[in-house]
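Numbered as in the working numbering, the sequence shown ends at 358 without a single skipped number.
We put the CB at the ideal spot given by N, CA and C, even for glycine.
Small disclaimer: the values here were computed from a predicted structure and weren't measured.
Notes follow once the structure below has been shown.
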Amino acid sequence: MYRAVLRALEPYLFRGPGEFDPSTRGVYSSAYSLLAPSPSTVAGAIATTFRYVDTSSMEWDAAYLVALRGAKLRGPYLKRGPIYYVENRINGIFLRLDDVQDYSIIRRKQLYGEVSEEKELEKEEGKFVKRGFVPEKLPVVGIGLRMRTDMRKIADEEGGLIYTVSFIDYLSGRDVDIDTTIEFDIISEEMKVGRHIVRLGGEGRVSMLEILEVDDYIYRIPEDANLLYVLSPILYETGIGFMEKLKEDLKEAGEIKVYGKVELLGAGYSEIRRRRKPIYQALLPGSVISLEKSIEGGKIYEEGIGIGREMGFGSVIPIKVIGG
35 MYRAVLRALE PYLFRGPGEF DPSTRGVYSS AYSLLAPSPS TVAGAIATTF RYVDTSSMEW
95 DAAYLVALRG AKLRGPYLKR GPIYYVENRI NGIFLRLDDV QDYSIIRRKQ LYGEVSEEKE
155 LEKEEGKFVK RGFVPEKLPV VGIGLRMRTD MRKIADEEGG LIYTVSFIDY LSGRDVDIDT
215 TIEFDIISEE MKVGRHIVRL GGEGRVSMLE ILEVDDYIYR IPEDANLLYV LSPILYETGI
275 GFMEKLKEDL KEAGEIKVYG KVELLGAGYS EIRRRRKPIY QALLPGSVIS LEKSIEGGKI
335 YEEGIGIGRE MGFGSVIPIK VIGG
């Protein structure tokens, strides 16, 4: 098995929802960064290290599968020094990876009405937040932003359009000397290892990408699981019942309950087709799925759930609760 390691070198813009073009937004445009890059962003960065393949006639998810030569991504994980974290978009933090099991158990208790007092819940949540990590936000205000020319956003000082960008900064203040990386497990029979400079995080920013051969996954996967922590957004098409589709994909698990949040989420922008990818319903990272029956941990981790699972969407961390 392999691992993709992206070293943080500067503040990044991992685009949140919303248009960032004055031609559609008017005289004031803004963009903000999510805590972590989307799987498609990282898949695209990895794909640039391979020989070019024409995927212009393919749907976006199939195109990534071809570009990645059949490799599957699972993540993202953030590593700061020796400690791994995972995105929790519900609470707006990076949750320590070694807290994921306890966090998921608390959410399961909420689902089944087993939390006796609100104060108990607040106390437990406070522990996770205190042990977690929240990167600094770096606001940038500029004048001028012309509509795309050759896939670039460029200044238009004569037009005087105002824009703001809120970057995410993993290395601010005291954290500047902490080695910080964004990592994905790669499921592939064979990949070429090595280091590459890749574009990442918008506005011409870069990162050092290293592909490593490893012996284990980042998280120790249990043999079977009855809880799933949502590591990256689980996507389904709009216009269908999200829970019905999720139950269909997890039918072997019997009845399921979900703690979390579903939002509309775009899959990004296609530079080849020069248009936005589709909008999907997304169960956000930090959500927890409780299963009536245990399922195979390794299988659900490697396969994922929903649309775009090959490139890393629908990644989940399987958890085994004794007696659950």
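What are the boundary residues of the beta strand (DSSP E) that residue i is part of?
i	result
residue 219	214 to 221
residue 130	127 to 130
residue 155	Looking at the DSSP string, residue 155 is not in any beta strand (DSSP E); the run it does join, the alpha helix (DSSP H), is 152 to 165.
residue 344	Premise fails: residue 344 is in no beta strand (DSSP E) and is neither H nor E.
residue 211	From DSSP, residue 211 is part of no beta strand (DSSP E); its letter is neither H nor E.
residue 149	Unbroken run through residue 149: none, as it is neither H nor E.
residue 116	Unbroken run through residue 116: none, as it is neither H nor E.
residue 197	196 to 203
residue 38	36 to 41
residue 351	350 to 353
Just to check my reading of the structure: residue i and residue j have Cβ atoms closer than 8 Å, yes? What is that Cβ distance to the nearest angstrom?
i	j	result
residue 319	residue 264	5 Å
residue 296	residue 317	5 Å
residue 47	residue 300	Contact flag wrong, Cβ pair sits at about 15 Å.
residue 329	residue 286	6 Å
residue 293	residue 155	Rounded, the Cβ-Cβ distance is 12 Å, inconsistent with contact.
residue 252	residue 35	With a Cβ gap of about 10 Å, residue 252 and residue 35 do not count as contacting.
residue 202	residue 72	Not a contact, Cβ separation roughly 13 Å.
residue 107	residue 76	7 Å
Let's see if you can read the secondary structure: which residues bound the alpha helix (DSSP H) around residue i?
i	result
residue 78	73 to 81
residue 145	134 to 145
Which one of the options has the shortest CA to CA distance from residue i?
i	options	result
residue 345	315, 256, 222 and 85	222
residue 43	323, 317, 356 and 212	212
residue 197	206, 100 and 173	173
residue 114	277, 205 and 313	205
residue 275	314, 255 and 259	314
Length-filtered (3 minimum) beta strand (DSSP E) runs lying within the segment 260 to 337: Secondary structure in the segment 260 to 337: the beta strand (DSSP E) runs of 3 residues or longer, each lying completely within the stretch, are 268 to 271, 290 to 293, 296 to 300, 313 to 317 and 322 to 330 in chain order.
Given 8 Å, three or more beta-carbon pairs between the segment 214 to 230 and the segment 239 to 246: The segment 214 to 230 is in contact with the segment 239 to 246.
Inter-stretch contact at 8 Å, needing at least 3 Cβ pairs: the segment 267 to 277 / the segment 135 to 151: The segment 267 to 277, when compared against the segment 135 to 151, does not touch it at the 8 Å Cβ threshold.
Contiguous alpha helix (DSSP H) assignments of at least 4 residues, all confined to the segment 225 to 254: Considered as a whole, the segment 225 to 254 harbours no complete run of any alpha helix (DSSP H) with no fewer than 4 residues.
Given 8 Å, three or more beta-carbon pairs between the segment 155 to 169 and the segment 121 to 141: Contact between the segment 155 to 169 and the segment 121 to 141 is present, because at least three Cβ pairs lie under 8 Å.
Inter-stretch contact (C-beta, 8 Å, three-pair minimum) for the segment 318 to 338 and the segment 76 to 85: Cβ pair count under 8 Å is below three, so no.
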